[in-house]
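Trainee: With the numbering used here, letter number 100 in the sequence shown gets 102, and the count goes up by one each step, no holes.
By construction, the Cβ of each residue, glycine as well, lies at the ideal position given by its N, Cα and C atoms.
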Amino acid sequence: QVQLVESGGGLVQAGGSLRLSCAASGRIFSGYAMGWYRQAPGKQRELVARITSDGSTNYADSVKGRFTVSRDNDKNTMYLQMNSLKPEDTAVYYCNRVRFPVGWGQGTQVTVSS
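Structure below.
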């Protein structure tokens, strides 16, 4: 049973933008803080942005000022607007609850060329 579906990744040049989407079932999404994570080859998965159920946000220093996380609680969907992309942003991006994570989705690949 697929519960988290990430989409919107792709290949973009440095300085470009992408918008990722995370569609979740209501029981996963509703009332929970959600996060965007990424995992680059050979590295551990890291949390890059989080948003609480009421819309408060936090960002990793590496993406602050470039990425914006938002959510639509009516649609059980979270978004990540990524601007001024850098080659070091290249990774598979995932979404999940920040606390009490559920099974991970397949993620969406983001590749930034220099």
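According to DSSP, is Arg47 helix, strand or coil?
Mentor: Of the three classes helix, strand and coil, the one that applies to Arg47 here is coil, per DSSP.
Trainee: Can you give the Cα-Cα distance for Pro43 and Arg99, rounded to whole angstroms?
Mentor: Looking at the two C-alpha atoms, the distance is approximately 22 Å.
Trainee: Would you list the one or two residues that DSSP bridges to Asp74?
Mentor: In DSSP, Asp74 forms a bridge with Thr79.
Trainee: Am I right that Glu8 and Thr110 are in contact with their C-beta atoms under 8 Å? What's the rounded C-beta distance?
Mentor: At roughly 4 Å, the Cβ-Cβ gap stays under 8 Å, so Glu8 and Thr110 are in contact.
Trainee: In terms of residues, what are the limits of the beta strand (DSSP E) holding Lys37?
Mentor: Sequence check: residue 37 is Gly here, not Lys. Counting along the chain, the beta strand (DSSP E) containing Gly37 begins and ends at Met36 to Gln41.
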